[in-house]
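Trainee: FYI, UniProt numbering numbers position 250 of the sequence shown as 250, with every residue one higher than the one before it.
The beta-carbon is built from N, C-alpha and C at its ideal position, and this holds for glycine as well.
Take a look at this one; I'll ask things after.
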Amino acid sequence: MTIETTINGPQTNQTSEMVRTEKLVKRFGSNVVLNGVDFSVGRGQAVVVIGPSGSGKTTLLRCLNHLERIDDGRIYIDGQLVGYREEKGRLVEDSEANIARMRSQIGFVFQRFNLFAHKTALENIIEAPIYVLRQPKGEVIERARMLLDKVGLANKEDSYPHRLSGGQQQRVAIARALAMNPKLMLFDEATSALDPELVGEVLKVMRQLAEEGMTMVVVTHEMGFARDVADHVVFMDQAQIVEQGPPEQIFGECRNERTRNFLSRVL
Ligand code: ADP
1 MTIETTINGP QTNQTSEMVR TEKLVKRFGS NVVLNGVDFS VGRGQAVVVI
51 GPSGSGKTTL LRCLNHLERI DDGRIYIDGQ LVGYREEKGR LVEDSEANIA
101 RMRSQIGFVF QRFNLFAHKT ALENIIEAPI YVLRQPKGEV IERARMLLDK
151 VGLANKEDSY PHRLSGGQQQ RVAIARALAM NPKLMLFDEA TSALDPELVG
201 EVLKVMRQLA EEGMTMVVVT HEMGFARDVA DHVVFMDQAQ IVEQGPPEQI
251 FGECRNERTR NFLSRVL
C-alpha cells in the first residue's frame with residue numbers, strides 16, 4: 001500500500017483547486033502589502049476580489065503569476081509551486097524558462113489594454129500563439145477569428161487599436177489572452193479605465209467566460225458583477241482577507257463590520 005503525503009504541498013495537478021496560496025506575505029520595503037494570505041480558487045470558479053484601494057488586491061494577482069516576488073508563503077497554480085522549486089526541503093527560485101511557461105498558461109487582463117499599437121486586432125491576438133507557443137499560423141488565425149467573434153468583434157480584425165474604442169480594445173485584449181488557451185484568467189480592474197458606457201460590453205464578455213466555466217480571478221469595483229457572476233467573493237482590507245463567501249453572504253448578511261462599512265460606501 002502506498003501512502004501519499006501532502007506535507008510538502010500537492011505534487012501533481014490532480015487537485016480540485018486551480019489556485020492556492022498559503023500564508024502569502026509580500027512587502028514593499030517596510031510596507032506589508034499581503035500579510036499571510038490564504039486564498040484559493042476551485043477549478044471552474046469565478047472568484048471576485050473586492051476591497052478598498054491599497055488593500056493588496058492587485059499585488060495578490062501579480063504574485064499569482066510571479067510578476068511580484070513573494071517574501072514568504074507559497075503559491076500553487078494547478079498543483080504546481082509558482083516561481084520556486086523545492087530542493088532538499090528548501091525553496092529556490094525557478095528558472096526563467098519555467099516561470100515563462102507557467103505565465104503562458106495564465107491570461108492576465110490589465111486595466112490598460114497594452115495592445116501593440118502598430119498591429120491590427122487580429123495580429124495582436126496571433127502574436128503569442130505563433131511566436132511563443134510556435135503553433136501553426138493557419139490554425140492560430142482561424143482560432144483568433146473565432147475569438148474575435150466570441151468577443152463581438154468579428155468585423156474588426158483589420159482595425160488598429162487607435163481605431164477601436166476602449167471597450168473594443170479591452171475585448172481584443174481578452175481575446176488575445178484567451179488565444180493562449182489559459183487554464184486561469186486574471187482580471188485586474190479590467191473596466192476601470194473605460195468610459196462608463198463601455199463598461200457593460202466588457203463585463204458581458206467576462207460574464208460569458210464565467211458561465212462557460214473558465215477559472216477566473218477578478219479584481220473589480222463593479223459590485224453588480226461581483227453579486228451576479230461570482231461563485232465566491234473575497235473581501236480584502238489592510239493586506240488581509242477579512243471575509244469571504246458566496247455573494248449572497250457577502251452582499252446579504254456579511255458579519256464583518258469592515259465589509260459592511262466598505263459596502264455601504266460603494267453600493
Ligand atoms: P489595491 O489593488 O487593493 O488597490 P495594491 O495591491 O495596488 O492595492 O497596493 C497595495 C499596497 O502596496 C499599497 O500601499 C501600494 O502603495 C503598495 N504598492 C503596490 N505596488 C507597489 C510597488 N511596486 N512598490 C511599492 N509599493 C507598492
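Could you tell me how far apart the beta carbons of I250 and E257 are, in whole angstroms, since I believe they sit closer than 8 Å?
Mentor: As a working mapping, residue 250 is identified with position 250 in the sequence shown. As a working mapping, residue 257 is identified with position 257 in the sequence shown. That pair is no contact at about 13 Å.
Trainee: Is DSSP giving residue 301 helix, strand or coil here?
Mentor: It is not possible to answer for residue 301, since the shown part of the chain is limited to 1 through 267.
Trainee: When burial is assigned at 16 or more other CB atoms within 10 Å of the CB, is I3 buried or exposed?
Mentor: Residue numbering aside, residue 3 sits at position 3 when the sequence shown is read from its first letter. Confidence is the limiting factor: at I3 the pLDDT is only 38, short of 50, which leaves the residue's position unreliable and the question unanswerable from this model.
Trainee: With a cut-off of 8 Å on the beta carbons, I'd call F225 and G51 a contact; round off their distance for me.
Mentor: By 1-based counting over the sequence shown, the position of residue 225 is 225. By 1-based counting over the sequence shown, the position of residue 51 is 51. 15 Å between Cβ atoms; not a contact.
Trainee: Measuring CA to CA, which of I75, V140 and L133 is closest to E123?
Mentor: For the purposes of this step, residue 123 is identified with residue 123 of the sequence shown, where counting begins at 1. With distances taken between Cα atoms, E123 lies closest to V140.
Trainee: Cα separation between I106 and A121?
Mentor: By one-based count along the sequence shown, residue 106 stands at place 106. By one-based count along the sequence shown, residue 121 stands at place 121. Straight-line Cα distance between these residues: approximately 20 Å.
Trainee: So is the beta-carbon of V49 under 6 Å away from any non-hydrogen atom of the ligand ADP?
Mentor: As a working mapping, residue 49 is identified with position 49 in the sequence shown. Incorrect: V49 has no Cβ contact closer than 6 Å to the ligand ADP.
Trainee: Among the residues of its own chain, which have a CB less than 6 Å from the CB of R74, if the five just before and after it don't count?
Mentor: Walking along the sequence shown from the start, residue 74 turns up at place 74. Closer than 6 Å at Cβ, skipping near neighbours: E22.
Trainee: With a cut-off of 6 Å, give the chain-ordered residues whose Cβ is closer than this to any heavy atom of the ligand ADP.
Mentor: After applying the 6 Å Cβ criterion, the set is F28, N31, V33, G51, S53, G54, S55, G56, K57, T58 and T59.
Trainee: Would you say V202 and T191 are within 7 Å of each other, going by their C-beta atoms?
Mentor: Here the question's residue 202 lines up with position 202 in the sequence shown. Here the question's residue 191 lines up with position 191 in the sequence shown. Against a cut-off of 7 Å, the Cβ pair of T191 and V202 comes out as a contact.
Trainee: Go ahead and label K26 buried or exposed: buried means 16 or more other beta carbons lie within 10 angstroms of its beta carbon, across all protein chains shown.
Mentor: The residue labelled residue 26 in the question sits at position 26 within the sequence shown. Buried is the call here.
Trainee: Output yes or no for whether 7 Å exceeds the beta carbon distance between V19 and I99.
Mentor: Within the sequence shown, residue 19 is the residue found at index 19, counting from 1. Within the sequence shown, residue 99 is the residue found at index 99, counting from 1. Cβ atoms of V19 and I99: not closer than 7 Å.
Trainee: If you measure between the beta carbons of V41 and V205, is that distance less than 7 Å?
Mentor: What you label residue 41 is simply residue 41 of the sequence shown in a count that begins at 1. What you label residue 205 is simply residue 205 of the sequence shown in a count that begins at 1. The answer is no: Cβ separation not under 7 Å.
Trainee: Note down, in chain order, each residue of its chain lying with its Cβ closer than 7 Å to the Cβ of T58, except the 5 sequence neighbours on either side.
Mentor: Numbered from its first residue, the sequence shown carries residue 58 at position 58. Hits under 7 Å: D188 and V219.
Trainee: Start and end of the alpha helix (DSSP H) containing M223?
Mentor: Taking the sequence shown and counting its residues from 1, one reaches residue 223 at position 223. It spans M223 to V229 - the alpha helix (DSSP H) in which M223 sits, taken as one unbroken run.
Trainee: Give, in chain order, every unbroken run of the alpha helix (DSSP H) that is at least 4 residues long and sits entirely within the region 117-177.
Mentor: Segments of the alpha helix (DSSP H) lying fully in the region 117-177: 121-131 and 137-150.
Trainee: For L184, does the count of other Cβ atoms within 10 angstroms reach 16, so buried, or fall short, so exposed?
Mentor: Taking the first residue of the sequence shown as 1, we reach residue 184 at position 184. So L184 ends up on the buried side.
Trainee: Taking DSSP as the reference, what is the three-state secondary structure of S95?
Mentor: Translated into positions along the sequence shown, residue 95 becomes position 95. Here S95 sits in coil by DSSP.
Trainee: Between the C-alpha atoms of N114 and V233, what's the straight-line distance to the nearest angstrom?
Mentor: Position 114 of the sequence shown, counted from the start, is the residue given in the question as residue 114. Position 233 of the sequence shown, counted from the start, is the residue given in the question as residue 233. Cα to Cα, the separation comes out at about 27 Å.
Trainee: Can you give me the C-alpha to C-alpha distance between P246 and R255, rounded to a whole angstrom?
Mentor: Along the sequence shown, read from residue 1 onward, the residue named residue 246 stands at position 246. Along the sequence shown, read from residue 1 onward, the residue named residue 255 stands at position 255. The straight-line gap from Cα to Cα measures roughly 13 Å.
Trainee: Locate the beta strand (DSSP E) running through I250, then write down its first and last residues.
Mentor: Residue 250 sits at position 250 when you count from the first residue of the sequence shown. Not the beta strand (DSSP E): I250 falls in the alpha helix (DSSP H), residues P247 to F251.
Trainee: Going along the chain, which residues of its own chain have a beta-carbon closer than 6 Å to the beta-carbon of R227, five neighbours each way excluded?
Mentor: Taking the sequence shown and counting its residues from 1, one reaches residue 227 at position 227. Excluding residues within five positions, the ones whose Cβ falls inside 6 Å are P247 and F251.
Trainee: Please name the residue or residues paired with H232 in a DSSP beta bridge.
Mentor: As a first step, residue 232 must be located in the sequence shown, where it is residue number 232. In the DSSP output, where bridge partners are listed per residue, H232 has V47.
Trainee: I'd like to check one pair, M180 with S104: are the Cβ atoms closer than 7 Å?
Mentor: For the purposes of this step, residue 104 is taken as residue 104 along the sequence shown, with counting starting at 1. For the purposes of this step, residue 180 is taken as residue 180 along the sequence shown, with counting starting at 1. Contact: yes.
Trainee: By a C-beta neighbour count over all protein chains shown, 10 Å radius and 16 as the cutoff for buried, is N8 buried or exposed?
Mentor: Within the sequence shown, numbered from 1, the residue matching residue 8 stands at position 8. For N8, the predicted structure reports a pLDDT of 44, less than 50, and the residue's modelled location is therefore unreliable. A value from the coordinates is still provided. So N8 counts as exposed.
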